[in-house]
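Only one structure is covered here, and it is reproduced in the block below.
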Amino acid sequence: MLPWVFTEEAAAEKHMAQLQHNMWITASRSAVLSIITGGGKWVEIKIHADRRINISS
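Per the numbering used here: the sequence shown = residues 18 to 74.
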């Protein structure tokens with residue numbers, strides 16, 4: 018057993034600033050965070066642009 022636990026919420030929070038920046042630069046309204054966990058599970062998380070940050074959405 019690994020000493021850490023994977024959660025989708027923690028993964029999304031960890032990458033949120035980069036995702037919001039990328040959506041702002043590309044004028045996108047959403048992005049997909051794709052993760053393959055250490056256990057080999059594929060997780061896909063759709064993130065919507067935060068209008069407070071991303072003024073072009």
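Cβ coordinates follow ideal geometry from the N, Cα and C atoms, glycine included.
The closest CA to that of K63, considering only A48, E30, I53, is found on A48. About 6 Å separates the Cβ atoms of I52 and A28, confirming a contact at the 8 Å cut-off. When C-alpha distances from L50 are compared across G56, H65, I70, G57, the shortest belongs to H65. Counting along the chain, no alpha helix (DSSP H) covers K63; the unbroken beta strand (DSSP E) around it starts and ends at 59-65.
In the DSSP assignment, S51 is bridged to E61.
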